[in-house]
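Quick notes on the structure that follows.
2 protein chains.
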Amino acid sequence: MNKKPNLKDVAKVAGVSAITVSRVLSNPEKVSEKLRTKVEQAVHEIGYIRNHAASALASRRSGVIAVIIPSLSNIVFNDVLQGIYSAVKQHHLQVVLGDCHYSPLEEEKLIATLLSQSPEGFILTGTDQTDYARKLLQQSGIPIVQLMELSDCPIDMNIGFSHFNAGVDITNHLLQKGYRKLGFLGARMDTRTQQRLAGFKKAIADFKQPCQSYVVTTTQSSSIRLGGQLLQAVMAESQGQCDAVFCCNDDLALGALFETKRMNLKVPADIAICGFNDLEASALVEPSITSVASPRFEMGQQAVELLMTAAGEDKTHKPPIDVGYRIVERAST
Amino acid sequence: MNKKPNLKDVAKVAGVSAITVSRVLSNPEKVSEKLRTKVEQAVHEIGYIRNHAASALASRRSGVIAVIIPSLSNIVFNDVLQGIYSAVKQHHLQVVLGDCHYSPLEEEKLIATLLSQSPEGFILTGTDQTDYARKLLQQSGIPIVQLMELSDCPIDMNIGFSHFNAGVDITNHLLQKGYRKLGFLGARMDTRTQQRLAGFKKAIADFKQPCQSYVVTTTQSSSIRLGGQLLQAVMAESQGQCDAVFCCNDDLALGALFETKRMNLKVPADIAICGFNDLEASALVEPSITSVASPRFEMGQQAVELLMTAAGEDKTHKPPIDVGYRIVERAST
DNA sequence: ATGAAAGCGCTAACAG
DNA sequence: CTGTTAGCGCTTTCAT
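Same order as they appear, the protein sequences are chains H and F. The first sequence begins at 1 in the UniProt record's numbering and counts up by one. The second sequence begins at 1 in the UniProt record's numbering and counts up by one.
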């Protein structure tokens, strides 16, 4: 195996200097058409591929952005990722991705690792970073976006929506529909889920008429199966009184719905169900499930755009961007 | 903003030479405990992060592996990715990930881009690469794994299972259950889906008794909603005769199942449904859906292990690894 | 166990 | 428009 061709090899074949080849690759318009064609042929002929490490070192531009999500298996972050990848393609950037498994400590390590790639921007999920992580991020001097939720003290830029308000609204929706014995089914209990729960409690506390609430949570990760188990649990705790459940996401809601069939409960007559995130399945099951929709793909895209526009500028702290949410009312409530 | 600290800065603070700091970071055991502690403190104090580009350039080891999947939105590849990420963590590697949207041409471009990172290994999905892509890959000299399906002429290493055989088996399962008017619902129609369809046709052709088949396919991407539409289509084409459908994946199968409720068809009495991939929902809907399971997470892990063990060795072409599949029989058939 | 010198492959800055 | 020179920050190699 011959070693990989480098710029000089291409230059030799094309009969030009190395820097000209470099220009053809980065700024083709700065090279005469004649030389450019010669170089392009040479590149293709010997299958030259530019050495990113050398290029990044010399130019101080890595062409990379770093992204950390809490979970690869949660389809919610998938939507965000797709938005990120679609935007990144326009800008000819690469993504280096980390999955921190909802752990701030893992996230801290990942941040250090990913920063070593000299990313030109950093996208984080949520606002729950360790102090040392914040220090590293800050001192890196690159633009940073925190995604998904709104923060009072963002590291840099912030785009998301209020999970607390969404929790309030969806709970009020149930109360307005006449349900009075409300259950909350929560899994994982990350910060966003906690905010949804806080919204649930707030709505109940503020409600002018007597009503009952039952909160069942677990730190296990969400799954459809778990939704069924939590429904069992809330029915046990409420001695069968619970007449509506707010599930902290649609996986749980689907599981709860499937479980009602086994328990011979009618939805929404015996019990109402609502979820969160508005997954495709929620609209298509029978009965369809009320949920909370948010523009995840667009959030991902916009995060990249924010990074790119912020790249040169001074750090004028922009205010958080609230992308909002929408309650999608369906047959289950 | 002061510029980022480099090795020399750390060295100065710790009162040692740059190379010693480098050793502490890469081969701590080669440095005396006294100096090591000093250096570690200095690193933490000034928040030093090693410049990956420089490190990669000097050492000729990028610590990166490249991965291309056909779709970020398909949960199937998510499982594989999780396997990859979990294995990669053990080896202290970074992943650069590309989504080629099922397009060999996009894949070719991605391969060129990702190769510029000098990855130490490359994981590809499927066997449908362009000639130029294969050339680039081959000449890069790095170990390569093709995932998901088995290939007659792999570029290098290969791990997957036979989608053709799985298609044959699941079709025979339906035939054995007494169904004789079989429909195939296919979306996307990538190479693996086509192999499943080929298996379906083979099983029908080989069956000793009279039976009927209806094939409905589209190049649209899969979704639950589409499953409902395709079920409508196959019922129209078969004039209501179709008594079993093999859906090329579980999304379609779920959509088909939900549609049967709207059409007032009983499953499996009026019509049997089976899917592919064995998603969690398939086990939990009512009735539960027969599907084909495969060890996706493990495939991802094993792909990384293969790359790592192959790293040093000569290219002794290993035979493809068949991870097999399993038909999970459930209530829907 | 530690250090000095050289150079990885590329591009910025300057020169022509 | 094209080329020359220097150096990005690190690790390799060789010396002590």
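Where is the CB? At the ideal position from N, CA and C, for every residue including glycine.
If you check each beta-carbon in the segment 224–246 of chain F against every beta-carbon of chain H, the ones closer than 8 angstroms belong to 224, 225, 228. Nearest in C-alpha terms to residue 163 (chain F), of all of F:130, F:325, F:230, F:52, is F:325.
The Cβ of residue 311 (chain F) sits no closer than 7 angstroms to any Cβ of chain H. At a C-beta separation below 7 angstroms, residue 50 (chain H) has these neighbours in chain F: 116. 280, 281, 283, 284, 285, 286: these are the residues of the segment 265–294 of chain H whose beta carbon lies less than 9 angstroms from some beta carbon of chain F, given in chain order. Cβ proximity to chain F below 7 angstroms picks out 72, 73, 75, 78, 81, 82 from the segment 70–82 of chain H. For the UniProt domain "HTH lacI-type" (5–59) of chain F, the continuous alpha helix (DSSP H) assignments of 4+ residues that do not extend past its boundaries occur at 7–14, 18–26, 33–46, 52–59, in sequence order.
Residues of the segment 38–63 of chain H with a C-beta less than 7 angstroms from any C-beta of chain F: 47, 49, 50, 51, 52, 53, 54, 56, 57, 62, listed in chain order. Assignment of alpha helix (DSSP H) within the segment 180–230 of chain F, counting only whole runs of 4 or more residues, yields 191–206 in chain order.
Contact note: residue 135 (chain F) reaches chain H through 47, using a C-beta cutoff of 9 angstroms and chain order. Within the segment 91–109 of chain F, the residues whose Cβ lies closer than 7 angstroms to any Cβ of chain H are, in chain order, 94, 95, 96, 97, 99.
Residue pairing by DSSP puts residue 244 (chain F) in a beta bridge opposite F:182, F:272. By the CB criterion at 7 angstroms, residue 255 (chain H) and residue 289 (chain H) fall outside the cutoff.
Within chain H, the residues whose beta carbon sits less than 8 angstroms from that of residue 255 (chain F) are 284, listed in sequence order. Take residue 189 (chain F), set aside five residues on each side of it, and the residues of its chain with a beta-carbon closer than 7 angstroms to its own are 217, 219, in chain order. The way I'd put it, the segment 124–141 of chain F doesn't touch the segment 274–285 of chain F; fewer than three beta-carbon pairs between them come closer than 8 angstroms. Excluding sequence positions up to five before and after residue 228 (chain H), its CB lies within less than 8 angstroms of the CB of 255, 256, 258, 259, 262, all in the same chain and listed in chain order.
Residues of the segment 198–224 of chain F with a C-beta less than 8 angstroms from any C-beta of chain H: 223, 224, listed in chain order. In this structure residue 168 (chain H) touches residue 199 (chain H) by the C-beta definition: roughly 4 angstroms separates them, less than 8 angstroms. Among the residues facing chain F, residue 8 (chain H) is not included, as its CB has no counterpart in that chain under 7 angstroms away.
In the DSSP assignment, residue 158 (chain F) falls within the unbroken beta strand (DSSP E) covering 157–161. Cβ atoms of residue 214 (chain H) and residue 178 (chain H) stay farther apart than 8 angstroms, at about 17 angstroms. For residue 145 (chain F), the enclosing beta strand (DSSP E) stretches over residues 144–149. Residue-level contact by beta carbon holds for residue 139 (chain H) and chain F, with a gap shorter than 7 angstroms.
Shortest Cα-Cα distance from residue 242 (chain F) to any of F:205, F:300, F:249, F:180 involves F:180. Among the residues of the segment 8–27 of chain H, none has a Cβ less than 8 angstroms away from any Cβ of chain F.
Using a Cβ-Cβ cut-off of 7 angstroms, residue 325 (chain H) does not count as an interface residue toward chain F, since no Cβ of chain F sits closer than that to its own.
The beta carbon of residue 192 (chain H) lies closer than 8 angstroms to those of 126, 148, 149, 163 in the same chain, with the five residues before and after it left out. Taking a beta-carbon distance threshold of 7 angstroms, residue 122 (chain H) does not count as an interface residue toward chain F. Distance from residue 185 (chain F) to residue 274 (chain F) at the Cβ level is roughly 10 angstroms; contact not present, criterion being Cβ atoms closer than 8 angstroms. It is roughly 42 angstroms from the alpha-carbon of residue 226 (chain F) to the alpha-carbon of residue 47 (chain H). For the pair residue 302 (chain F) and residue 272 (chain H), the Cα-to-Cα distance works out to about 44 angstroms. DSSP, read as helix, strand or coil, puts residue 84 (chain F) in helix. The Cβ atoms of residue 65 (chain H) and residue 95 (chain H) sit closer than 7 angstroms to each other. Taking the Cα positions, residue 40 (chain H) is about 56 angstroms away from residue 207 (chain F).
At a beta-carbon threshold of 8 angstroms, the residues of chain H lying near residue 112 (chain F) are 49, ordered along the chain.
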